[in-house]
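Undergrad: Every letter in the sequence shown is one number past the one before it in our numbering, and letter 200, counting from 1, is 200.
Glycine included, C-beta positions come from ideal geometry on N, C-alpha and C.
All of these numbers come straight from a predicted model, not from anything done at the bench.
One structure is given below, represented as structure tokens, and several questions about it will come after.
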Amino acid sequence: MFKGISDASQGIRGDHNQQQSIRGDNNQQAAGDVVNKTVNHNETINLLVMPEQSLVRLPSQMAAAAVRLSMAIDASPEPSPHDFRTYDIEQKLSYNSVEAYRAWIDDYGAYGYAVDAAYDALDEQSPGARSKILRHIRAKYVRVRTELASLAPRGTGVMEIVRENSDKILELVSREIGSEIRDSPVPGMFVEDVEFPANAITCHAFINCKILERPSP
Numbered sequence: 001m002f003k004g005i006s007d008a009s010q011g012i013r014g015d016h017n018q019q020q021s022i023r024g025d026n027n028q029q030a031a032g033d034v035v036n037k038t039v040n041h042n043e044t045i046n047l048l049v050m051p052e053q054s055l056v057r058l059p060s061q062m063a064a065a066a067v068r069l070s071m072a073i074d075a076s077p078e079p080s081p082h083d084f085r086t087y088d089i090e091q092k093l094s095y096n097s098v099e100a101y102r103a104w105i106d107d108y109g110a111y112g113y114a115v116d117a118a119y120d121a122l123d124e125q126s127p128g129a130r131s132k133i134l135r136h137i138r139a140k141y142v143r144v145r146t147e148l149a150s151l152a153p154r155g156t157g158v159m160e161i162v163r164e165n166s167d168k169i170l171e172l173v174s175r176e177i178g179s180e181i182r183d184s185p186v187p188g189m190f191v192e193d194v195e196f197p198a199n200a201i202t203c204h205a206f207i208n209c210k211i212l213e214r215p216s217p
């Protein structure tokens, strides 16, 4: 079962243990503040807000996070068939009923370049690393969607499940990515620096249509 998916039927709730993902053990200031967003069924999504001045450190954080995530992947899933249908991001946000993560995805221009740069550098050292990570994230999404479908009433359609749980899906995937980055044996990253890159990597995957559903024509 996907790590954390047991929360799916009860919603995602913040607690003190979850806050440890953005706070170090040496009283360092966290990378940003956490805000609570209420979405479908009054469920609470906890999102990190990154102060503007912290964006200066983003390229180095993303580079470290990409290396750690790549090292955490044991095997790359098989690529899924490519879908050449075009769409714009606003259309995909609306189609999937994304609410809590909308601001993160709207601000993609502030951090997307750093994710791409980190993947490009990683590809130079390990060809195919970008594709491996994106397929890995796609497999996480499919697993979460399948588990949520198993909890839904019989006959519930895939898009209904996705729309009812889109922000929850994004949070579960981001949380799992964060755990893999945090638990990696590769040195050089503080625990309080993990959550922002994990969210950035998740939203990059959304933009590249590895998470949630592509709008119908």
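Between residue 202 and residue 157, what straight-line distance do the alpha-carbon atoms span, to the nearest angstrom?
TA: 24 Å
Undergrad: Taking the Cβ atom as the reference point for each residue, do residue 118 and residue 198 lie within a distance shorter than 8 Å?
TA: Not in contact: residue 118 and residue 198 (Cβ atoms no closer than 8 Å).
Undergrad: Cutting at 7 Å between CB atoms, please list the residues of its own chain near residue 210, excluding the five before and the five after it.
TA: 134, 137, 138, 141
Undergrad: Run the CB neighbour count on residue 113, radius 10 Å, all protein chains shown included, and call it buried at 16 or more, exposed below.
TA: exposed
Undergrad: Considering Cα atoms alone, identify which of 126, 93, 62 is closest to residue 212.
TA: Residue 93 is the option with its Cα nearest to residue 212.
Undergrad: Does the beta-carbon of residue 126 have 16 or more other beta-carbons within 10 angstroms, so that it is buried, or is it exposed?
TA: exposed
Undergrad: Spatial neighbours of residue 64 within its chain, please: C-beta separation below 6 Å, excluding the five flanking residues on both sides.
TA: 188, 189
Undergrad: In chain order, what residues of the same chain have a beta carbon less than 6 Å from the beta carbon of residue 160, not counting five sequence neighbours either side?
TA: none
Undergrad: Our contact map puts residue 186 next to residue 68 with C-beta atoms below 8 Å; I'd like the distance itself, whole angstroms only.
TA: 5 Å
Undergrad: How would you write the range of the alpha helix (DSSP H) that residue 74 sits in, first residue to last?
TA: Careful: residue 74 lies outside any alpha helix (DSSP H) and carries neither H nor E.
Undergrad: Comparing alpha-carbon positions, which option in 169, 194, 215 lies nearest residue 101?
TA: Of the listed residues, the one whose Cα sits closest to residue 101 is 169.
Undergrad: Could you tell me the alpha carbon to alpha carbon distance between residue 181 and residue 108, rounded to whole angstroms?
TA: 21 Å
Undergrad: Reducing DSSP to helix, strand and coil, say where residue 212 ends up.
TA: DSSP places residue 212 in coil when its eight states are reduced to three.
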